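Trainee: Structure provided below as structure tokens; questions to follow.
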Amino acid sequence: MNRFRPSSLCRPSRLPVWLLLLTVLIASDGQARTLGNLDFQPCTLAPAFAATAIEAQCASLSVAENRAAPDGRQIDLAIAWLPARGEAEPDPVFMLAGGPGQAARDAFVASARALDEIRKRRHVILVDQRGTGGSHPLVCRDAEGRPAAFDEADPPSEAAMRSFAEQCRDALSEQADLRFYGTGEAIDDLDTVRAALAAERINLIGVSYGTRVAQHYARRYPQHTRTVVLDGVVPNDLVLGAEHARNLEAALDMHFERCRSVPECLDRLGDPREHLDTLLAIEEGPDVEYRDPTSGELRRERFARGHLVGVARMFSYAPNTASTLPLTLSEAAAGRYEPLMAQARLIMGSLGEQIHHGMQLSVMCNEDADELVADPADENTVLGNELIGFSRSQCEVWPRGVRDPAFRQPLTGDTPVLLLSGELDPVTPPRYGDAVAKHLNQARHLVLKGQGHAIFATGCLPRLLAQFLDRPDPNALDAGCLDALRAPPPFVAFYGWEP
Numbered sequence: 001m002n003r004f005r006p007s008s009l010c011r012p013s014r015l016p017v018w019l020l021l022l023t024v025l026i027a028s029d030g031q032a033r034t035l036g037n038l039d040f041q042p043c044t045l046a047p048a049f050a051a052t053a054i055e056a057q058c059a060s061l062s063v064a065e066n067r068a069a070p071d072g073r074q075i076d077l078a079i080a081w082l083p084a085r086g087e088a089e090p091d092p093v094f095m096l097a098g099g100p101g102q103a104a105r106d107a108f109v110a111s112a113r114a115l116d117e118i119r120k121r122r123h124v125i126l127v128d129q130r131g132t133g134g135s136h137p138l139v140c141r142d143a144e145g146r147p148a149a150f151d152e153a154d155p156p157s158e159a160a161m162r163s164f165a166e167q168c169r170d171a172l173s174e175q176a177d178l179r180f181y182g183t184g185e186a187i188d189d190l191d192t193v194r195a196a197l198a199a200e201r202i203n204l205i206g207v208s209y210g211t212r213v214a215q216h217y218a219r220r221y222p223q224h225t226r227t228v229v230l231d232g233v234v235p236n237d238l239v240l241g242a243e244h245a246r247n248l249e250a251a252l253d254m255h256f257e258r259c260r261s262v263p264e265c266l267d268r269l270g271d272p273r274e275h276l277d278t279l280l281a282i283e284e285g286p287d288v289e290y291r292d293p294t295s296g297e298l299r300r301e302r303f304a305r306g307h308l309v310g311v312a313r314m315f316s317y318a319p320n321t322a323s324t325l326p327l328t329l330s331e332a333a334a335g336r337y338e339p340l341m342a343q344a345r346l347i348m349g350s351l352g353e354q355i356h357h358g359m360q361l362s363v364m365c366n367e368d369a370d371e372l373v374a375d376p377a378d379e380n381t382v383l384g385n386e387l388i389g390f391s392r393s394q395c396e397v398w399p400r401g402v403r404d405p406a407f408r409q410p411l412t413g414d415t416p417v418l419l420l421s422g423e424l425d426p427v428t429p430p431r432y433g434d435a436v437a438k439h440l441n442q443a444r445h446l447v448l449k450g451q452g453h454a455i456f457a458t459g460c461l462p463r464l465l466a467q468f469l470d471r472p473d474p475n476a477l478d479a480g481c482l483d484a485l486r487a488p489p490p491f492v493a494f495y496g497w498e499p
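In terms of our numbering, the sequence shown opens at residue 1 and continues consecutively.
Take a look at the structure:
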């Protein structure tokens, strides 16, 4: 953001009135400000994996790590405030990140467009969930200092994963009681921040795992919840990770069927499912020389199943990347592995920086691990039961807190709730949104054609979200502007799709 020198403000006679007003407004954003009982300072939100940066106001708030022992260890919650651009309504918007393990302040930067319309009339508040970002982060690092738990291209045994979790547990336990970094503690933190901001009621926008946090907050604090938006819905009774394999298979089937329905795709590239199966059956892949997509350096690495699984899984999250899967699989099946390897490198590098693995384990081990069971029907899928085995082995040695006896109960009541799902979502399919909506008295579920996971910035949704907050009646929304949405055609060559 441009900074105006003080001398520029000393010569108002040389500036048009409109430019003078703009100058004052921009300069004021760079000054310390107060909201409620919190003092904020200017800051820049610029995560390492994002291509842009956003100016904001930042503050911290100290809370007890264990609320049952208020005089014990205190941790600081990192908070960012994106001020409303006009006169602000009294009910701010809290955006809740996914993962589990993402930091809200980091996640916001990539999706800031989704809240542009909302910011015309409302403040946006970002609270890094405890254990992430600037809120007492729980980062597990390997022997080389990397934040990822392991290299998915060459995954270790369950015993090695258990050993890694033990090492991380021992290192983090010197500065944190890992029993107190779950969803229950997070929603109490959110309400503490709400009270510090002197906001009687707030609006929640939860994305992916953030939808779990939003539902539990609204259930525990209905009197302080004005509206809820759930994007990529996680039902409270869902065991995280239990259905990842089957959901991915269903999404890939839909993506591949789109290729089969386009003559140019099928004729030029062949059947993508057949290519995927052929590649999955390779026991020992070749050495591949490819160019690192971030550094530009040449790398040489052996192709492994993990490269294929990572690309197939993560590229299916968004329609633009999913449209390249048939081409990437066709190239690899023909012995040209370079595009796939470069894509895998890009994915694994960015994911490791985004997810705080220690916090993720504290959530999953306390809230899901005891119900996580491998399904023999998933054994021959792309993901198989490997992730379930890894999670269970790590959770065997991870400290666990006390889960709320009502944790699996659905959100009910009269709170206005807008639910969003992508038709092709590989991790939180539309049936999850239907399952949550049926328990609510004022709910509407919008399913976007041809879209994937985390869609609240898509098309006209930013405008619809602002309208929903202005008039919290989900059934009053005119969502006809979403009808034209479609997934892009599959790429038939690296220049794109056929006209």
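Cβ coordinates follow ideal geometry from the N, Cα and C atoms, glycine included. Keep in mind the model is a prediction, meaning the values are calculated, not measured.
Quick one: residues in its chain with C-beta nearer than 8 Å to the C-beta of Ile-118, no 5 flanking neighbours on either side, listed in chain order?
Mentor: By 1-based counting over the sequence shown, the position of residue 118 is 118. If we look at Ile-118 and ignore the five residues flanking it on each side, its Cβ neighbours are Val-93, Val-124, Pro-462, Leu-465, Ala-466 and Leu-469.
Trainee: Going along the chain, which residues of its own chain have a beta-carbon closer than 8 Å to the beta-carbon of Glu-367, five neighbours each way excluded?
Mentor: Here residue 367 is taken as the residue at index 367 of the sequence shown, counted from 1. Excluding positions up to five away in sequence, the list reads Gly-182, Thr-183, Leu-240, Arg-403 and Phe-407.
Trainee: For Glu-284, count the other beta carbons within 10 Å of its own beta carbon; 16 or more makes it buried, fewer makes it exposed. Which is it?
Mentor: Here residue 284 refers to the residue found at position 284 of the sequence shown. Exposed, because fewer than 16 other Cβ atoms sit within 10 Å of the Cβ of Glu-284.
Trainee: Going straight from the alpha carbon of Ala-218 to that of Phe-456, what length do you get?
Mentor: Start at 1 with the first residue of the sequence shown, and residue 218 comes out as number 218. Start at 1 with the first residue of the sequence shown, and residue 456 comes out as number 456. Each residue's Cα considered, the two are about 20 Å apart.
Trainee: Can you find the residues in the same chain that come closer than 6 Å, C-beta to C-beta, to Val-363, ignoring five residues on each side of it along the sequence?
Mentor: For this step, residue 363 is matched to residue 363 along the sequence shown. Pro-100 and Gly-182.
Trainee: How is Glu-55 classed by DSSP in three states: helix, strand or coil?
Mentor: If you number the sequence shown from 1, residue 55 lands on position 55. Glu-55 sits in a strand when the DSSP states are folded into three classes.
Trainee: For Phe-500, list the residues DSSP reports as bridge partners.
Mentor: Because the chain here runs from 1 to 499, residue 500 falls outside it and cannot be looked at.
Trainee: How many Å lie between Phe-150 and Val-382 at the Cα?
Mentor: The residue given as residue 150 occupies position 150 in the sequence shown. The residue given as residue 382 occupies position 382 in the sequence shown. Residue placement at Phe-150 is flagged as unreliable, the pLDDT there being 49, under the threshold of 50; the coordinate-derived value follows with that caveat. Rounded to whole angstroms, Phe-150 to Val-382 spans 19 Å at the Cα level.
Trainee: Tell me, to the nearest whole angstrom, how far the beta carbon of Leu-38 is from that of Val-213; I am working on the premise that it is less than 8 Å.
Mentor: In the sequence shown, counting from the first residue as 1, residue 38 sits at position 38. In the sequence shown, counting from the first residue as 1, residue 213 sits at position 213. That pair is no contact at about 21 Å.
Trainee: Would you give the residue range spanned by the alpha helix (DSSP H) that Gln-215 belongs to?
Mentor: As a first step, residue 215 must be located in the sequence shown, where it is residue number 215. Start and end: 209-220.
Trainee: Taking Phe-94 as part of the beta strand (DSSP E), name the residues at either end of that continuous run.
Mentor: Residue 94 sits at position 94 when you count from the first residue of the sequence shown. Counting along the chain, the unbroken beta strand (DSSP E) around Phe-94 starts and ends at 93-96.
Trainee: Let's see if you can read the secondary structure: which residues bound the alpha helix (DSSP H) around Arg-273?
Mentor: Stepping through the sequence shown from its first residue, residue 273 is reached at position 273. Arg-273 -> alpha helix (DSSP H) spans 272-280.
Trainee: Between the C-alpha atoms of Ala-479 and Leu-485, what's the straight-line distance to the nearest angstrom?
Mentor: Here residue 479 refers to the residue found at position 479 when the sequence shown is read from its first residue. Here residue 485 refers to the residue found at position 485 when the sequence shown is read from its first residue. Between Ala-479 and Leu-485, the C-alpha separation is close to 11 Å.
Trainee: At what residues does the alpha helix (DSSP H) containing Ser-393 begin and finish?
Mentor: In the sequence shown, the residue the question calls residue 393 occupies position 393. Run containing Ser-393: 386-395, per the alpha helix (DSSP H) assignment.
Trainee: Which complete alpha helix (DSSP H) runs does the segment 326-384 hold, if anything under 4 residues is left out?
Mentor: 338-354 and 357-367
Trainee: Short of 8 Å in beta carbon distance, which residues of its chain neighbour Tyr-432, apart from the five on each side in sequence? Order them along the chain.
Mentor: The sequence position of residue 432 within the sequence shown is 432, counting from 1. So the qualifying residues of the chain are Val-233, Val-234, Pro-235, Leu-238 and Ser-421.
Trainee: Does the Cβ of Phe-494 have 16 or more other Cβ atoms within 10 Å, making it buried, or fewer, making it exposed?
Mentor: Mapped onto the sequence shown, residue 494 falls at position 494. Classification of Phe-494: exposed, given that the 10 Å Cβ count is below 16.
Trainee: How would you write the range of the alpha helix (DSSP H) that Gln-167 sits in, first residue to last?
Mentor: Position 167 of the sequence shown, counting from 1, holds the residue named residue 167. 158-172 is the extent of the alpha helix (DSSP H) around Gln-167.
Trainee: What three-state label does DSSP hand Gly-285 in the structure shown?
Mentor: As a first step, residue 285 is located in the sequence shown; it is residue number 285 there, counting from the start. DSSP places Gly-285 in coil when its eight states are reduced to three.
Trainee: Evaluate contact between the segment 65-78 and the segment 326-340, counting only Cβ atoms and requiring at least three cross-stretch pairs below 8 Å.
Mentor: No: fewer than three Cβ pairs fall under 8 Å.
Trainee: Confirm, please, whether the CB-CB distance from Val-127 to Leu-230 is below 8 Å.
Mentor: Looking up residue 230 in the sequence shown gives position 230. Looking up residue 127 in the sequence shown gives position 127. No.
Trainee: Asn-247 by DSSP, collapsed to three states: which one?
Mentor: Numbered from 1 along the sequence shown, position 247 holds the residue referred to as residue 247. Reduced to three states, the DSSP call for Asn-247 is helix.
Trainee: Use the C-beta contact count for Leu-178: other C-beta atoms within 10 angstroms, 16 or more gives buried, fewer gives exposed.
Mentor: The sequence position of residue 178 within the sequence shown is 178, counting from 1. With 16 or more Cβ atoms within 10 Å of its Cβ, Leu-178 is classed as buried.
Trainee: In this structure, does DSSP put Ile-455 in helix, strand or coil?
Mentor: Position 455 of the sequence shown, counting from 1, holds the residue named residue 455. Coil, per DSSP.
Trainee: CA-CA distance, Leu-387 and Leu-448?
Mentor: One-based indexing of the sequence shown puts residue 387 at position 387. One-based indexing of the sequence shown puts residue 448 at position 448. One C-alpha to the other measures close to 29 Å.
Trainee: At the level of alpha carbons, what is the spacing between Arg-268 and Ala-250?
Mentor: Locating residue 268 in the sequence shown gives position 268, counting from the first residue. Locating residue 250 in the sequence shown gives position 250, counting from the first residue. When rounded, the distance between both Cα atoms is 24 Å.
Trainee: For Arg-273, which residues in the same chain have their Cβ closer than 6 Å to its Cβ, ignoring the five residues on either side in sequence?
Mentor: Mapped onto the sequence shown, residue 273 falls at position 273. Contacts found: Phe-256.
Trainee: Is the beta carbon of Arg-194 closer than 8 Å to that of Arg-226?
Mentor: Taking the sequence shown and counting its residues from 1, the one referred to as residue 226 is at position 226. Taking the sequence shown and counting its residues from 1, the one referred to as residue 194 is at position 194. Taking 8 Å as the Cβ cut-off, Arg-226 and Arg-194 do not qualify as a contacting pair.
Trainee: Taking C-alpha atoms, which residue in Glu-289, Ser-157, Arg-305 and Ala-80 lies nearest to Ile-282?
Mentor: Position 282 of the sequence shown holds residue 282. The shortest C-alpha separation from Ile-282 is found at Arg-305.
Trainee: Run through the segment 178-213 for me and flag every whole alpha helix (DSSP H) of 4 or more residues, listed as ranges in chain order.
Mentor: 183-196
Trainee: Please list the terminal residues of the continuous beta strand (DSSP E) segment that includes Glu-501.
Mentor: Within the shown structure, residues of the chain are numbered from 1 to 499, placing residue 501 beyond reach of any answer.
Trainee: Does the Cβ of Thr-44 have 16 or more other Cβ atoms within 10 Å, making it buried, or fewer, making it exposed?
Mentor: Translated into positions along the sequence shown, residue 44 becomes position 44. Exposed, because fewer than 16 other Cβ atoms sit within 10 Å of the Cβ of Thr-44.
Trainee: When you compare the CB positions of Val-417 and Val-109, do they come within less than 8 Å of one another, or not?
Mentor: Numbered from 1 along the sequence shown, position 417 holds the residue referred to as residue 417. Numbered from 1 along the sequence shown, position 109 holds the residue referred to as residue 109. No. Outside cutoff.
Trainee: DSSP three-state label for Gly-450, please.
Mentor: As a working note, residue 450 is residue 450 in the sequence shown. In the structure shown, Gly-450 sits in coil (DSSP, three-state: anything other than H, G, I, E or B).
Trainee: Just to confirm, does Leu-448 get its C-beta within under 7 Å of one of the non-hydrogen atoms of the ligand FMN?
Mentor: Looking for the ligand FMN in the displayed structure turns up nothing, as the structure carries no ligands at all.
Trainee: With DSSP as the reference, label Glu-87 as helix, strand or coil.
Mentor: The residue labelled residue 87 in the question sits at position 87 within the sequence shown. In the structure shown, Glu-87 sits in coil (DSSP, three-state: anything other than H, G, I, E or B).
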